[in-house]
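All remarks here apply to the structure that follows.
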Amino acid sequence: MGGGISSLSKIMLVGPSQRPGVDIEYTFVQVGIKDGAIDLSGNCGNLSGAVGPYALASGLYDQRKLDPGASSLTMSLWNTNTNKKINATFPVKNGQPWLSDDSDRAIAVDGISGKASRITVDYLEPGGARTGKLFPTGNKFDVVSLPGNDEPIRITCLDCTNPTVYVQASSLHVSSTLLPDAFPPTTLQQLEHLRASGARLMGLDPTAQSQPKIAIVGPPTGYTMISGEQMEASSVDLVIRALSMQQPHRAVPMTVAMATAVAARVPGTVVHDVSRRVTGEEVRIGHPSGKVSVGAEIAEDGEVVATKVYQTARFLMRGEVYWK
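Numbering-wise, the numbering used here comes out as the position in the sequence shown, counting from 1, plus 349.
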């Protein structure tokens with residue numbers, strides 16, 4: 350079923366929830382593309398947006414809660430990987446999810462072909478999803494080094510929706526606008542070393558490939574996207590290149606995007622240092638396939654109240670999969 354890359358080797362296990370105030374709970378499974386290893390250590394932001402429509406269409410949602418005349422539905426979800434609550438709001442028609450590109454709420458998401466109805470996903474209190482702390486090391490940045498090189502490198506270790514390690518592209522003497530196929534092998538090796546270093550600092554297993562993620566960041570700048578089109582510097586607040594399962598991502602994992610929006614709002618992080626100063630809650634993040642705007646609401650005491658993203662989903666197939 351997978352497509353040979355980490356973003357296409359995923360499973361969601363979905364069912365009704367017995368938790369008070371929660372409609373549906375789900376477990377995300379990352380399947381290794383080389384070894385078939387099963388990893389349950391984190392959530393998937395991109396697939397989380399599809400859980401609500403799937404639950405409704407599959408009869409897992411209690412239809413008695415649905416207003417027959419409603420044009421939208423807000424479904425309360427619980428992610429068992431991170432023990433966090435998520436609200437997903439999407440259009441409905443005749444009691445079923447309406448994911449049509451004809452919807453007046455249809456949007457296009459950079460990196461995904463076509464348009465579909467907008468799904469609004471709010472991640473509630475996403476900080477400390479894995480470690481219990483927004484900054485697991487207690488610092489806005491930590492200093493590490495690479496093998497055979499004493500040059501200090503600043504990294505930020507942030508746990509928001511999923512643990513993520515950030516490093517500025519300039520610290521590795523590479524461009525933040527690299528396309529996925531252009532990453533030098535030495536840079537990939539350096540990033541894996543930094544990812545493992547960050548994992549140890551956060552108290553996580555450095556050998557687990559799916560968590561933490563790692564990303565390089567840079568200031569807002571123009572660049573050529575995978576499509577060959579140009580992204581203007583004025584259209585983004587920062588630029589990111591993320592890795593997932595040691596592979597450069599063709600866009601950005603949605604959980605990484607949400608963590609990035611939070612980091613961009615916190616002075617002292619390596620992300621904040623390169624980001625354009627934003628006045629509202631939304632942060633525009635440039636990635637290889639375009640950009641994504643992410644909302645991040647942070648309380649005066651520094652706690653993350655919620656992050657918000659707009660996504661799309663559509664049904665590709667229904668069937669049965671057999672294995673030996």
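Just so it is clear, CB atoms sit at the ideal spot from N, CA and C, and this is done for glycine as well.
S572 versus S358 - alpha carbon distance: Here residue 572 refers to the residue found at position 223 when the sequence shown is read from its first residue. Here residue 358 refers to the residue found at position 9 when the sequence shown is read from its first residue. Note that residue 572 corresponds to Tyr in the displayed sequence, not to Ser. Spanning the two alpha carbons is a distance of roughly 29 angstroms.
Rounded separation between G567 and G370 - CA only: Within the sequence shown, residue 567 is the residue found at index 218, counting from 1. Within the sequence shown, residue 370 is the residue found at index 21, counting from 1. Cα to Cα, G567 sits roughly 40 angstroms from G370.
D491, buried or exposed, once every other Cβ within 10 Å from all chains shown has been counted against 16: In the sequence shown, counting from the first residue as 1, residue 491 sits at position 142. By the neighbour-count rule (16 or more Cβ atoms within 10 Å), D491 is buried.
Helix, strand or coil at P365 [DSSP, three-state]: Within the sequence shown, the letter at position 16 stands for residue 365. Of the three classes helix, strand and coil, the one that applies to P365 here is strand, per DSSP.
Backbone secondary structure at P512 - three-state DSSP: Along the sequence shown, read from residue 1 onward, the residue named residue 512 stands at position 163. DSSP, reduced to helix, strand and coil, places P512 within a strand of the structure shown.
Beta-carbon contacts of N395 that lie in its chain and below 8 angstroms, excluding the five residues immediately before and after: One-based indexing of the sequence shown puts residue 395 at position 46. Closer than 8 angstroms at Cβ, skipping near neighbours: S356, P602, M603, Q660.
Residues near A404 by beta carbon distance below 6 angstroms, same chain, minus five either side: Here the question's residue 404 lines up with position 55 in the sequence shown. Here the set comprises V363, I373, Y410.
CA-to-CA distance, E631 to V653, given in whole angstroms: Taking the first residue of the sequence shown as position 1, residue 653 is located at position 304. Taking the first residue of the sequence shown as position 1, residue 631 is located at position 282. Taken atom to atom, the span from the alpha-carbon of V653 to that of E631 is near 14 angstroms.
Length of the line joining the Cα atoms of W427 and E500: By one-based count along the sequence shown, residue 427 stands at place 78. By one-based count along the sequence shown, residue 500 stands at place 151. In a straight line, the C-alpha of W427 is about 43 angstroms away from that of E500.
Residue range of the unbroken beta strand (DSSP E) whose run includes A655: Working through the sequence shown from its first residue, we reach residue 655 at position 306. Annotation: the continuous beta strand (DSSP E) that includes A655 extends over 653-660.
Cβ neighbour criterion (16 or more within 10 Å) applied to P485: Numbered from 1 along the sequence shown, position 136 holds the residue referred to as residue 485. That one is buried.
For P440: DSSP bridge partner residues: As a working mapping, residue 440 is identified with position 91 in the sequence shown. Looking at the DSSP assignment, P440 forms a beta bridge with S421.
Reduced DSSP category for Y403 - H, G, I as helix; E, B as strand; rest coil: What you label residue 403 is simply residue 54 of the sequence shown in a count that begins at 1. Helix.
Chain-order list of residues whose beta-carbon lies under 6 angstroms from that of V380 (same chain, five-residue window excluded): Within the sequence shown, numbered from 1, the residue matching residue 380 stands at position 31. Closer than 6 angstroms at the Cβ level, and outside the excluded window around V380, lie S358.
Nearest residue (CA-CA) to A606, options G617, R590, A582: For the purposes of this step, residue 606 is taken as residue 257 along the sequence shown, with counting starting at 1. Residue R590 is the option with its Cα nearest to A606.
Counted within 10 angstroms of its Cβ, other Cβ atoms place P417 as buried (16 or more) or exposed: Residue 417 sits at position 68 when you count from the first residue of the sequence shown. Of the other Cβ atoms in all chains shown, fewer than 16 fall within 10 Å of the Cβ of P417; this residue is therefore exposed.
Proximity test, G617 beta-carbon vs the ligand NAP heavy atom, cut-off 8 angstroms: No copy of the ligand NAP appears in this structure; indeed no ligand is present at all.
Buried or exposed (CB count within 10 angstroms, at least 16 for buried), F439: By one-based count along the sequence shown, residue 439 stands at place 90. Per the 10 Å Cβ criterion, buried.
For P555, the nearest candidate out of S390, T628, I354, P365 (CA to CA): To locate residue 555, count along the sequence shown from 1; it is residue 206. From the listed residues S390, T628, I354, P365, the smallest Cα separation to P555 is found for S390.
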